[in-house]
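Quick note, the sequences are listed as chains A and B, same order. Just add 62 to wherever you are in the first sequence, counting from 1, and you've got our numbering. Just add 62 to wherever you are in the second sequence, counting from 1, and you've got our numbering. Worksheet: one structure, shown below.
2 protein chains.
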Amino acid sequence: MNREILPIGSIKSAKDVGEIVSRYRKMQELTQVELAGLAQTGTRFISDLENGKGTVQFDKVMHILDLLGVEVVAKER
Amino acid sequence: MNREILPIGSIKSAKDVGEIVSRYRKMQELTQVELAGLAQTGTRFISDLENGKGTVQFDKVMHILDLLGVEVVAKER
DNA sequence: CAAATAAATTCCCGATAGGGAATAATACAA
DNA sequence: TTGTATTATTCCCTATCGGGAATTTATTTG
Numbered sequence: 063m064n065r066e067i068l069p070i071g072s073i074k075s076a077k078d079v080g081e082i083v084s085r086y087r088k089m090q091e092l093t094q095v096e097l098a099g100l101a102q103t104g105t106r107f108i109s110d111l112e113n114g115k116g117t118v119q120f121d122k123v124m125h126i127l128d129l130l131g132v133e134v135v136a137k138e139r
Numbered sequence: 063m064n065r066e067i068l069p070i071g072s073i074k075s076a077k078d079v080g081e082i083v084s085r086y087r088k089m090q091e092l093t094q095v096e097l098a099g100l101a102q103t104g105t106r107f108i109s110d111l112e113n114g115k116g117t118v119q120f121d122k123v124m125h126i127l128d129l130l131g132v133e134v135v136a137k138e139r
């Protein structure tokens, strides 16, 4: 398990966001079940999200990131 | 109409991303129809997205942002 | 103002998101 | 190994996404 601080990074795909969610959930010692409870969603959604499913709903993803303390910023490329 | 450069900003919701898409699409003088064509999607999706619909699919949103030259970065809050 | 262009809304409808619950698979410890 | 906890997958199911096209509404232009 990598415990270093992530400068997190660029989100280009659902896979990227899935990795971030998985990492930050574990850093906070939450199980998928617990995170689903906090987010008032199902465990299926958390599993799908962490596994990079691209068709997850945008607002649900943002809510999870917010719960985990991850901020999302837009910049010009 | 605000034409200043946006330091873009934090994305907390679908409404935020909708505003960014609308703004950057217009900055590049694209119509919704043209952007939909570039993204191989429908105009309904572009309209929904720009109007802040939260249930749009994550990967579709990311693809639109990429087309518009908007990078998305994750940071710790 | 009217005309032209763009955007939003509506309809039909096939595809699928995602909830809950059960099961299977995987990881981890003792 | 066996047991335990966690995660992934499957099923059933309802709700809705989103494409395409048509229409309505809004915006821009002359």
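We treat Cβ as the ideally placed atom computed from N, Cα and C, and that holds for glycine.
query	result
So, for B/Lys137: in the same chain, excluding its five sequence neighbours on each side, which residues have a beta-carbon less than 8 Å away from its beta-carbon?	none
Once DSSP output is grouped into helix, strand and coil, what is the label at B/Glu66?	Its pLDDT being 45, under 50, B/Glu66 is placed unreliably by the model, and nothing is read from it.
What is the rounded straight-line gap between the Cα of A/Asp78 and the Cα of B/Val123?	14 Å
Whose C-beta lies closer than 7 Å to the C-beta of A/Lys74 among residues of the same chain, with five residues either side of it excluded?	none
Contact between the segment 88-105 of chain B and the segment 88-107 of chain A: three or more CB pairs below 8 Å?	no
Would you say A/Gly99 reaches chain B, if we count a Cβ-Cβ gap shorter than 8 Å as a contact?	no
Answer yes or no: do A/Ala76 and B/Asp128 have a C-beta to C-beta separation smaller than 8 Å?	no
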